[in-house]
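This report concerns only the one structure given below.
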Amino acid sequence: MEASSWLPLYGNLCCQLVAQPDCMTQGMMSGYLSQQQSVEGLQHCCRLYCVLKAGLLSCYFTPEEIQAKIEPSVIISINKDTRLRVVECNQKAGARLSIIDPGTGNPATHVFIAETPDLLQEWLSVLLQHIYDQSQWQHTCDKLMEIEVLSPPKPPLFLTKQADSVYNDLSIGSLWTSFNLAALESFASRRRFSHQLCSLGQSHRSNHKGHEKPYSHCINLL
């Protein structure tokens, strides 16, 4: 089915295409990860809700913070400079995912632990795919292009039917037309009455010829 807003592609045509990669507009993966932190030489884990989107791994304490638009407690850049490594530990501790963010200064290392080895491997695969997608889309990921949503075309004015209202019924044009019709009817009525008086006067003169002074003219009511 063809739409009236479609543009036929023939001849010479210059246009600009806008692309928004899904990796920059949609969440690629989300779920809980435990971040290993060192405080005063002591190691402990903090369970965080992590969301991978638009080249960032944003970590919240709860998913409700996203709906409340609260800033994430930890933000890690995921790009072509990011280094990922899985560190195998003892069987009790399990594997750990190390994310090295070079940043602009000293590199920062973030260590995460997943609930299961399979879940950790899934996070690693999605992170690698996210980095690969950015390398393929290149500059479209550096600055997200805006897609303008056009409103549906408006119908021509001559096809638009105005809503019925007292204002439309009593428009200037309709009042002027009504006035002209009334004036014409009044003019015709006076004209007929004038002709009737003239006929009456001529009949009266013929019946009383020689007895009364004849009418000099008919009465004109115009």
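Numbering (the UniProt record's numbering), first residue to last: 1 to 222.
Idealized CB from N, CA, C, for every residue including glycine.
**Item:** Rounded distance between the beta-carbons of K53 and G27, thought under 8 Å
**Value:** Sequence index remark: in the sequence shown, residue 27 carries index 27 (1-based). Sequence index remark: in the sequence shown, residue 53 carries index 53 (1-based). Right, their Cβ atoms sit about 5 Å apart.
- [ ] Go to S98, then tell me how far its beta strand (DSSP E) extends in each direction, as first and last residue.
- [x] Along the sequence shown, read from residue 1 onward, the residue named residue 98 stands at position 98. 95-101 is the span of the beta strand (DSSP E), which, as asked, contains S98.
- prompt: Taking buried to mean at least 16 other C-beta atoms within 10 Å of its own C-beta, is M24 buried or exposed?
  reply: As a working mapping, residue 24 is identified with position 24 in the sequence shown. Answer is buried; the Cβ neighbour count reaches 16.
- Count the C-beta pairs between the region 132-146 and the region 81-89 that are closer than 8 Å, then say yes if the count reaches three, no if not. no
For M28, does the three-state DSSP call read helix, strand or coil? Your numbering for residue 28 matches position 28 in the sequence shown. Three-state DSSP puts M28 in coil, outside helix and strand.
inquiry  = For I76, count the other beta carbons within 10 Å of its own beta carbon; 16 or more makes it buried, fewer makes it exposed. Which is it?
reply    = Numbered from its first residue, the sequence shown carries residue 76 at position 76. I76 is buried by the Cβ-count criterion.
| query | What does a CB cutoff of less than 6 Å around M29 pick up in its chain, not counting 5 residues either side in sequence? | reply | By one-based count along the sequence shown, residue 29 stands at place 29. L52, V126, listed in sequence order.
Report the CB separation of V74 from C59 in whole angstroms; it is logged as a contact under 8 Å. Sequence index remark: in the sequence shown, residue 74 carries index 74 (1-based). Sequence index remark: in the sequence shown, residue 59 carries index 59 (1-based). Correct: roughly 4 Å between the Cβ atoms.
ask   = Thinking just about the alpha-carbon of each residue, which of P152, E146, N79, D118 is nearest to the one in Q16?
value = Reading the sequence shown from its first residue, position 16 is the one you call residue 16. Cα-wise, what sits closest to Q16 is E146.
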